[in-house]
Each structure stands twice: as structure tokens, then as C-alpha cells.
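Chains as they are written, first to last, in UniProt numbering: chain A, 1 to 285; chain B, 1 to 157. What follows is a single structure, written as C-alpha cells, with notes after it.
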Amino acid sequence: MAAAASTSSAAAPGSPSGGGRRGPSAAVACSCPICLEGFEDEAYLDTCLHSFCYECITQWVSIVASKHEDPLSSVKCPLCKTESVSILHAFDGKSFQRHYIEQDPGKRHLVDAHQLISQFYNTREISDDAASVLQYWKQRKYLRKNIWLETWLRREIQALTQDENVEAIVYHIDGMIESFMKAQEKLHASKQTSPEHTREEFRSLLSDAARPFLLGRTARFVTEVELFLISQRNIDAYSRVRLQRFKESASHVAREQDTLPQDRPLEDHYLYLLNEETDCVGGVI
Amino acid sequence: MQASRARLFKEYKEVQREKSADPDIQLICDDSNIFKWTAVIKGPSETPFEGGVFQLAFSIPEQYPLLPPQVRFITKIFHPNVHFKTGEICLDILKNAWSPAWTLQSVCRAIIALMAHPEADSPLNCDSGNLLRSGDIRGYQSMARMYTRLAAMPKKE
């Protein structure tokens, strides 16, 4: 069989070859290469970021899958043939959905605990005990390093980005926190700023570090990191506390008859976790 | 079905709009059936097909563009990757290397590229392939040119 791609003058699909063609490149750029219409729920392949309508690309994935005996774990981009393992879509400025090519979640590495974390971020922020927050900064409790921080950050960020490989982000954020704490430690007593000021500085540095990766989830993430540090617990113990907080918020929401769509599933998920809590939390670490 | 119709209609409009864009390719949609198209392509220069005009018949499946169109030469052509009797074309992008980002226009361009770059190791036309594989370029070219004259050029009075 002759291979079109190997011949020098063969046109790449969708891109006009040999010059001479005018105009269409602009139209190509803002329309889906599969249906040639404007994008409907614009979806991106995770490696090359070429975009398609969500429906068009998922239809193509199912056609490709039907030609393979084994379940697919990745798909080639129709435009550039780069392999991608997932399709990103429904981006609303704050969050997005991720559709994995691999349909068996057991073969992916993000597990239930991650799903719970991301559900947790979907609920409203809960004002925690303000006194302990203040105490933490006042008594400079941050000088005692939380050895669990890096592992905890990794799991949170994995859940928020829906991505398994987040080492670079974890390294970046963990490094930022550590160097901030070290700098505080070295500060001469006379130069110390007020605890409120230190806290503000910490929060703004942390949100600057996290924003490029977590976008609209950044503010909430900053609050969660602070709460974790303040708790001075290990991951297991903290997860239990947070679950408790989560439950209170869920029942609070129910009382107010708020129309949170995830009301029921959240509660169910929580009940199930109370029974098998250690399994779920311990399994990930 | 609906999706393929919409997409073919888009391609039809694009072809009308860009009629002069590629003088080597002329795509014509069947008046009564949007799933049947004919293309007229010019043989690429500096090949034995130069000066010839070749007709292609497109038959488009309902799942297009998820499935590739079926294309064959109507005009006789002596080329290792084209079946001499049926006009069937052996080209990866029309089979397993198909991508829904290809259009009828870009398929035509790929076929023109195939005419200029025959792939002798996967022949549908063994005679033609064997000439190339045995290194008889002159023999291949004169056979191909003869058939171009016979079948792909307007008859002179």
C-alpha cells in the first residue's frame, strides 16, 4: 500500500499544501476539522491540544476503538497523529471535564479518593475555626515542618487537575511553601511582621504559585492548604477531619434546601466512606 | 447520515467558493446525490501522466467523514498502485490511515502525489510494479505515457 504521508508532495489533511490557496486557513482555524462547522463544546486532545467538537472527536474515538480488538488507551490526533490519552472539554474558565480514552478506570491511576477530593472542591467553602488559624500564625507553628505536606499536595493537585503526573507542580508549590517558611524562621525577631501580614503574604505567594495550574480553583486550594498546615495532622487523620467537615456542610446545605445537584451523591459517598474510611484513604498514600 | 450530509454540503460550498484555487483539481457533485462525486484531475508535470486528464469516481459512505470515501479511477491509467481493470487505488489514507480531517479536495491532492510517486512495492498493477522494481524506468514511463495518450488525452481530429 502506498503511504501518502511518506511522499514529499502529499498534502497533510486539513492543511492546504503548495501555497497558492488563499483564504481557507482562517476558516479552518475556527471550525472543527471533522464536521467543518463552528465548535460545539470545544474539546482538546491532551498532548497536541488540537481542537474538535466534543461529539465529533468522541465519535472518531469510538470508530477507531471498533477497529481494535483491545480496548484503546490512547488515540492519534486526526490532524497531527500525536497520541493523546484523554480529551479535555467543557472548559468554563474555572474547570473542565476530562474524558479518558481508557474506559477502564482501574487501569488509570487516579482512584476513588481523588474523586472524593474533587467533589469536595465542588461544595461550598466552609469557614473553619478562625481562632486556630490565627493561633497558627501568631505562635509561628509553621516552624514545625509538616512532613506529610508533599504527599498531601500531590494527591490534592492530582485530583484537581485530573492528571496523574503532577510532579513539576508539586515540586513548585512545595518548594514555594518550604522556602517561605525557612525565610520566616531566619527573620530576626525585630523584623517580624504581624501574624496577619505574614498570613496574607503566604496566601498571596501560594496563590500566585498555584494559579497557572489550578485556575479558578486556586483560592479554594489556598484555603485548603492552610487548613491542612494548621491541622498539623498526618494525611490519614486530616482526611477524617475534613470528611467530618464535609458531612456537616452537606447536611447544612440540605437544611437550607439549597439546590446543589450533587447533594445526594455526596452524602452517599460520604456514608460509604465512613465505613471503609481507612481503606480508601490509606490505599492512595 | 445527517452529519455526513452536512459535512459534504460544507465541502460543496467550499469547492464552489474556491473553484480557481487549485487548477489541477475539479470536483463535481452529482446533481441528485450528494454521496456521489466525480473529480477531474490533471496529471502532474514531469511524470508520464503530464498532459492527461483523469476522472475519479467518489462513492461516499453514510458515516463519512468517520469512514473514508471510496475512490477509483474511471480513466484508464498505467500505475503500480492502481488496478488496471477496476481503477481501484491502493493508498493508505483511503484505508487504515484515514483521518476525518481529510476532505475530498485533499484526497485528490494525495492521489496526484501518488501519481508522481508510485510505490512499486505494493502493486495492484503487477506489470507496472515489476517494470519499476526491475529498474526499467524508461519502460515504465513509456508504457504509462502511452496509456495517458490513449485514455487521458482529448482525441485530436
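All C-beta atoms, glycine included, are put in the ideal place defined by N, C-alpha and C. Here the structure is a predicted model, which is why all the values come from computation and not from measurement.
**Q.** Under 7 Å from the C-beta of R5 of chain B: neighbouring residues of chain A
**A.** Within the second sequence, the letter at position 5 stands for residue 5 of chain B. Those within 7 Å of R5 of chain B in chain A number zero; the least Cβ separation is about 11 Å.
Q) Is the Cβ of K42 of chain B closer than 8 Å to any Cβ of chain A? A) If you number the second sequence from 1, residue 42 of chain B lands on position 42. No, K42 of chain B does not count as interfacial toward chain A.
Q) Among all the DSSP beta bridges, which residues are the ones paired with I57 of chain A? A) For the purposes of this step, residue 57 of chain A is taken as the residue at position 57 of the first sequence. In DSSP, I57 of chain A forms no bridge with anything.
Q) What separation, rounded to the nearest whole angstrom, lies between the Cα atoms of E164 of chain A and D31 of chain B? A) Taking the first sequence and counting its residues from 1, the one referred to as residue 164 of chain A is at position 164. Taking the second sequence and counting its residues from 1, the one referred to as residue 31 of chain B is at position 31. Those two C-alpha atoms are separated by around 53 Å.
(Q) When you compare the CB of Q244 of chain A with every CB in chain B, is at least one pair closer than 8 Å? (A) Working through the first sequence from its first residue, we reach residue 244 of chain A at position 244. Judged by the 8 Å Cβ criterion, Q244 of chain A is not in contact with chain B.
Q) What number of angstroms, rounded off, separates the C-alpha of P68 of chain B from the C-alpha of K19 of chain B? A) For the purposes of this step, residue 68 of chain B is identified with residue 68 of the second sequence, where counting begins at 1. For the purposes of this step, residue 19 of chain B is identified with residue 19 of the second sequence, where counting begins at 1. Their backbone Cα atoms lie some 23 Å apart in a straight line.
Q. Given a threshold of 16 other Cβ atoms within 10 Å of its Cβ, counted over all protein chains shown, does S4 of chain B qualify as buried or as exposed?
A. As a first step, residue 4 of chain B is located in the second sequence; it is residue number 4 there, counting from the start. It is buried - the Cβ of S4 of chain B has at least 16 other Cβ atoms within 10 Å.
Q | Cβ distance (whole Å) where residue 159 of chain B is taken to contact N81 of chain B below 8 Å | A | Shown here, chain B extends from 1 to 157; a query on residue 159 of chain B therefore has no answer.
Q. Leaving out five residues before and five after V15 of chain B in sequence, what residues of the same chain have Cβ atoms less than 6 Å from its Cβ?
A. The count along the second sequence starts at 1 and reaches residue 15 of chain B at position 15. If we look at V15 of chain B and ignore the five residues flanking it on each side, its Cβ neighbours are L27.
Q: Starting from V225 of chain A, trace the alpha helix (DSSP H) both ways and give me its first and last residue.
A: Along the first sequence, one-based indexing puts residue 225 of chain A at 225. Taken as a continuous stretch (DSSP letters only), the alpha helix (DSSP H) holding V225 of chain A covers T218 to S231.
Q. Taking the alpha-carbon positions, what's the A39 of chain B to R72 of chain B distance?
A. In the second sequence, the residue the question calls residue 39 of chain B occupies position 39. In the second sequence, the residue the question calls residue 72 of chain B occupies position 72. Near 10 Å, if we compare the C-alpha coordinates of R72 of chain B and A39 of chain B.
Q: For V170 of chain A, collect the residues of the same chain with a Cβ closer than 7 Å to its Cβ; drop the 5 residues on either side in sequence, then sort them by chain order.
A: In the first sequence, residue 170 of chain A corresponds to position 170, counting from 1. Answer for V170 of chain A: E150, L153, R154 and I157, listed in chain order.
(Q) Strictly under 8 Å for the Cβ-Cβ distance: is L36 of chain A near chain B by that measure? (A) Taking the first sequence and counting its residues from 1, one reaches residue 36 of chain A at position 36. Answer yes: the Cβ-Cβ gap between L36 of chain A and chain B drops below 8 Å somewhere.
Q. Rounded C-beta distance between R199 of chain A and W137 of chain A? I'm assuming under 8 Å.
A. In the first sequence, counting from the first residue as 1, residue 199 of chain A sits at position 199. In the first sequence, counting from the first residue as 1, residue 137 of chain A sits at position 137. Between W137 of chain A and R199 of chain A the Cβ distance is about 5 Å, and since that is below 8 Å, they are a contact.
Q. Helix or strand or just coil, what does DSSP make of E98 of chain B?
A. Taking the second sequence and counting its residues from 1, the one referred to as residue 98 of chain B is at position 98. One point to set straight first is that residue 98 of chain B is Trp, not Glu, in the sequence displayed. In the structure shown, W98 of chain B sits in coil (DSSP, three-state: anything other than H, G, I, E or B).
Q: Report the rounded CA-to-CA distance for L56 of chain B versus I74 of chain B, giving the unit in angstroms.
A: Locating residue 56 of chain B in the second sequence gives position 56, where the first residue counts as 1. Locating residue 74 of chain B in the second sequence gives position 74, where the first residue counts as 1. In a straight line, the C-alpha of L56 of chain B is about 5 Å away from that of I74 of chain B.
Q: Go through its chain and collect everything with a Cβ distance to T58 of chain A's Cβ below 6 Å, but skip five positions before and after it.
A: Within the first sequence, residue 58 of chain A is the residue found at index 58, counting from 1. Closer than 6 Å at Cβ, skipping near neighbours: no residue.
**Q.** Nearest candidate by alpha-carbon position, reference S142 of chain B, set B:G43, B:Y12 and B:F49
**A.** Reading the second sequence from its first residue, position 142 is the one you call residue 142 of chain B. Measuring from the Cα of S142 of chain B, the nearest candidate turns out to be B:F49.
Q: Take the Cβ of K42 of chain B as the centre, count every other Cβ of all protein chains shown within 10 Å, and call the residue buried at 16 or more, exposed below.
A: Position 42 of the second sequence, counted from the first residue, corresponds to residue 42 of chain B. Its Cβ being crowded by 16 or more others within 10 Å, K42 of chain B is buried.
Q: Just tell me which of A:C77, A:E201 and A:E167 has its CA closest to the CA of I101 of chain A.
A: Along the first sequence, one-based indexing puts residue 101 of chain A at 101. That would be A:C77, whose Cα lies nearest to the Cα of I101 of chain A.
Q. Thinking just about the alpha-carbon of each residue, which of B:A21, B:Y12 and B:R17 is nearest to the one in N33 of chain B?
A. Taking the first residue of the second sequence as position 1, residue 33 of chain B is located at position 33. For the residues B:A21, B:Y12 and B:R17, the minimum Cα distance to N33 of chain B belongs to B:Y12.
Q. Are the region 116–123 of chain B and the region 45–55 of chain A in contact at 8 Å, needing three or more beta carbon pairs?
A. no
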